[in-house]
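K.L.:
I have a structure here, written as structure tokens, and I will follow up with some questions on it.
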Ligand code: FES
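In the working numbering, the protein residues as written are 298 to 440.
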């Protein structure tokens, strides 16, 4: 299969970039994580509201390329309502996908995230796609 920019910027990626889900700030007692991509300086702020080991709510803010922002949007959608353990498993699966490995997306409920599979062919963009996930992992490990 040949990958090109058209493949990379699939419609679903652009949809999440232009209409990000869960973008903004949360009120109340939340866990806030700031992280940047050292290769470009783009940054993300992730806010997590965790109760009883479940991600009750999550929002993100920041600036970055379409890959990083759409991945953040998809990630927040995927982990909302999930147990921390499930969210971390998704993150692990997503990393494997970014390494170009075959994964079972349906079983892991990764929803739109499959659209980012093509990023694995562009090593320079992998850090863009994993930025929000690394922020989430950092937040959970600080919990
Ligand atoms: Fe900066 Fe993608 S180019 S996060």
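Cβ atoms here follow ideal geometry from the backbone N, Cα and C, with glycine treated the same way.
For residue 368 and residue 310, I'd like the C-alpha separation in whole angstroms.
P.N.:
For residue 368 and residue 310, the distance between alpha carbons rounds to 8 Å.
K.L.:
For residue 428, verify whether its CB is less than 7 Å away from any heavy atom of the ligand FES.
P.N.:
Indeed, a heavy atom of the ligand FES lies less than 7 Å from the Cβ.
K.L.:
So, with DSSP's three-state summary, where would you put residue 402?
P.N.:
It is coil, neither helix nor strand.
K.L.:
Could you check where the beta strand (DSSP E) with residue 348 kicks off and where it finishes?
P.N.:
Start and end: 340-348.
K.L.:
Got a list of residues with beta-carbon closer than 5 Å to any non-hydrogen atom of the ligand FES, in chain order?
P.N.:
Per the Cβ criterion, the list is 334, 337, 339, 361, 362, 365, 425.
K.L.:
The alpha helix (DSSP H) that contains residue 329, what's its start and end?
P.N.:
Element bounds for residue 329: not the alpha helix (DSSP H) but the beta strand (DSSP E), 328-333.
K.L.:
According to the neighbour-count rule (16 or more other Cβ atoms, all chains shown, within 10 Å of its Cβ), is residue 321 buried or exposed?
P.N.:
When all chains shown are included, residue 321 counts as exposed.
K.L.:
How is residue 419 classed by DSSP in three states: helix, strand or coil?
P.N.:
Coil, per DSSP.
K.L.:
Using only CA atoms, which one of 428, 361, 393 lies nearest to residue 315?
P.N.:
When each option's Cα is compared against that of residue 315, the closest is 361.
K.L.:
Is the segment 351-366 in contact with the segment 378-390, if contact means three or more CB pairs nearer than 8 Å?
P.N.:
Verdict: yes, contact present.
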